[in-house]
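*Asks:*
Number of protein chains: 2
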Amino acid sequence: MALEHAILVSLLEKPGSGYELARRFERSIGYFWTATHQQIYRVLKRMEADGWVDVRGVPQRTRPDKKEYSVAAAGREALSRWLHDPIEPESVRHDLAVKIRGAAFDDPAALVREVERHQRMHRDRLAHYLAGEERDFGTAPDAPTPPDPGRELQHAVLRGGIAYERMMIDWLDDVLATLHRLGPGR
Amino acid sequence: MALEHAILVSLLEKPGSGYELARRFERSIGYFWTATHQQIYRVLKRMEADGWVDVRGVPQRTRPDKKEYSVAAAGREALSRWLHDPIEPESVRHDLAVKIRGAAFDDPAALVREVERHQRMHRDRLAHYLAGEERDFGTAPDAPTPPDPGRELQHAVLRGGIAYERMMIDWLDDVLATLHRLGPGR
DNA sequence: CTTGTCTATGCAACTAGTTGCATAGCAGGA
DNA sequence: TCCTGCTATGCAACTAGTTGCATAGACAAG
């Protein structure tokens, strides 16, 4: 399990509340890990009980009070242990591939719209990534930024996301061409 | 949920037992969907109760008897319904990306071996895919095979797997270069 | 003749993740 | 004023998926 570890990394990058974490999981972290707010709250509880994180109540005037979490020593150690563990089978769940193979037993042409819809989502995400890259890592201004490992590694992960979206867009072009070649079937 | 649907597609391609399905999920189907034998047996039970599949006891001499499953009319309809449903948020779980961002808070250089190990696994899988492609879809012999939608679509999905592995290998080269540039940290 | 591997199925207990709902204060618009 | 939407946290009930174990016959290696 790595949700704990994804939370640790996110809190090390910047401490925050469960709600804030949930929003990060909808954006930057969500590109390679998803989690709902319920799951995050529950796991944070467990991490707090295990002493992996510290909590600090933050009263707010205009908003409900929040609990700001930050990584404790035990959490850092747990993360370090996990980083040094050679694990991961990388389980895959790719609905669209199942659908494409399934289309042979239905009407292949009926899948065209669905594939196009997915391709559009990947194009949108690519545009979003590229905008984020330009914003956060764009061509250096006059002041050259000092080398920052965190920044460099975040950029490397983002480049992975960009490469993934480009690959998907190209592959879905290939799939669409195949579907068109097959024509209306069954 | 799509394990049911992945099983339906697999059984439409070729009827088989729970054990056989489990082995297919370790190979061809496993490239885009994973499942353990326990899960498959349990889901098959449910699908049988729902009338999605038919069972036929097959006595065997040298092996334990098996139950051969095949898709029933209701199963075909369920698959068709799912194929026409525009769904999927494509949930992602990418441990390695979490590790890479986490490396900023540990020793980036210590991750080099792990990344190399992953890259090796992707190279192996790519070689495996390419061998399978040559075997099943290789340069046509004298007899041109008749057009078969199932075959074409299986090939399209396999090309997706190949594109994915190539993308990952290239990206991990990029990650390794970044890690080396950072040098031993913290 | 014992040990290990392969086919074949399954139970029980657990952990992970999803869905629906509840609460509650504040802000802004109709 | 009421309704919607945002921040903020959480419970309860469910579904999905994992891990460990059990059984049992056939076959091959040592």
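Chains as they are written, first to last, in my numbering: chain A, 53 to 238; chain B, 53 to 238.
We put the beta carbon where it would ideally sit given N, CA and C, even for glycine.
Nothing here was measured: the structure is a model prediction, and the numbers come from that model.
1. By a C-beta neighbour count over all protein chains shown, 10 Å radius and 16 as the cutoff for buried, is Arg238(B) buried or exposed?
2. Pick out whichever of Val107(B), Gly202(B), Leu228(B) has its Cα sitting closest to the Cα of His170(B).
3. Using a Cβ cut-off of 7 Å, pull out every chain B residue sitting near Tyr121(A), in sequence order please.
4. Give the secondary structure of Leu64(B) by DSSP, where H, G and I count as helix, E and B as strand, and everything else as coil.
5. Taking C-beta pairs closer than 7 Å, name the residues in chain B that Tyr181(A) reaches, listed in chain order.
6. At least one CB of chain B closer than 7 Å to the CB of Arg94(A): is that the case?
7. Since His136(B) meets chain A, which of its residues come closer than 7 Å, beta carbon to beta carbon?
8. Give me the DSSP bridge partner(s) of Tyr121(B).
9. Sort out for me which residues DSSP pairs Trp239(B) with in a bridge.
10. Measure the Cβ-Cβ separation of Leu73(B) and Leu131(B) and say whether it is below 7 Å.
11. State the DSSP-derived secondary structure class of Thr197(A), mapped to helix, strand or coil.
12. Relative to chain A, which residues along the region 67-88 of chain B have a C-beta separation below 9 Å, given in chain order?
13. So, does the CB of His232(B) fall closer than 7 Å to a CB anywhere in chain A?
14. With a cut-off of 7 Å, does the C-beta of Val105(B) fall near any C-beta of chain A?
15. By how many angstroms is the C-alpha of Arg113(B) removed from the C-alpha of Met53(A)?
16. Please determine, among Ser69(B), Arg211(B), Pro160(B), the residue with the shortest C-alpha to C-alpha distance to Arg153(A).
17. Of the residues Trp223(A), His232(A), Lys151(A), Leu205(A), which one's Cα is nearest the Cα of Glu56(B)?
18. Let me make sure I understand the geometry here. Which of Asp200(B), Ala155(B), Leu224(B), Lys66(B) has the alpha-carbon closest to that of Leu64(A)?
19. Taking Ala125(B) as the query, report the chain A residues whose CB atoms sit under 8 Å from its CB, ordered along the chain.
20. Going by DSSP in three states, Phe157(A) sits in which element: helix, strand or coil?
21. So Gln90(B) contacts chain A; which residues on that side make the cut at Cβ distance below 8 Å?
22. Can we say the region 119-129 of chain B touches the region 116-127 of chain A, given the rule of at least three CB pairs closer than 8 Å?
23. For Asp117(A), which residues in the same chain have their Cβ closer than 7 Å to its Cβ, ignoring the five residues on either side in sequence?
24. Tell whether a beta-carbon distance below 7 Å holds between Val167(A) and Leu224(A).
25. Check each candidate in Phe77(B), Gly190(B), Lys66(B), Arg172(B) and name the one with the smallest Cα separation from His146(A).
26. Give the straight-line distance between the Cα atoms of Asp226(B) and Met220(B), rounded to the nearest whole angstrom.
27. Taking just the CA atoms, how far does Gly202(B) sit from Gly190(A)?
28. Does any residue of chain A have a CB that is nearer than 7 Å to the CB of Leu63(B)?
29. Can you tell me where the alpha helix (DSSP H) holding Asp188(B) begins and where it ends?
30. With a 10 Å radius around its C-beta and 16 neighbouring C-beta atoms as the bar for buried, classify Ser69(B) as buried or exposed.
*Replies:* Concretely, from the data shown:
1. Confidence is the limiting factor: at Arg238(B) the pLDDT is only 46, short of 50, which leaves the residue's position unreliable, though a coordinate-based value still follows. Exposed, by the Cβ-count rule.
2. Leu228(B)
3. Around Tyr121(A), no beta-carbon contact reaches into chain B at under 7 Å, the shortest distance being about 16 Å.
4. helix
5. The contacting residues do not exist; Tyr181(A) stays about 13 Å from chain B at best.
6. no
7. Ala162
8. In DSSP, Tyr121(B) forms a bridge with Gly68(B), Val107(B).
9. Residue 239(B) lies beyond the range of chain B shown here (53 to 238); nothing can be said about it.
10. no
11. coil
12. Ile81, Gly82, Tyr83, Phe84, Trp85, Thr86
13. no
14. no
15. 43 Å
16. Arg211(B)
17. Lys151(A)
18. Ala155(B)
19. In chain order: nothing, as chain A lies at least about 12 Å away.
20. helix
21. Simply none; closest approach about 15 Å.
22. no
23. Gly109, Val110, Pro111
24. yes
25. Phe77(B)
26. 10 Å
27. 45 Å
28. no
29. 164-189
30. buried
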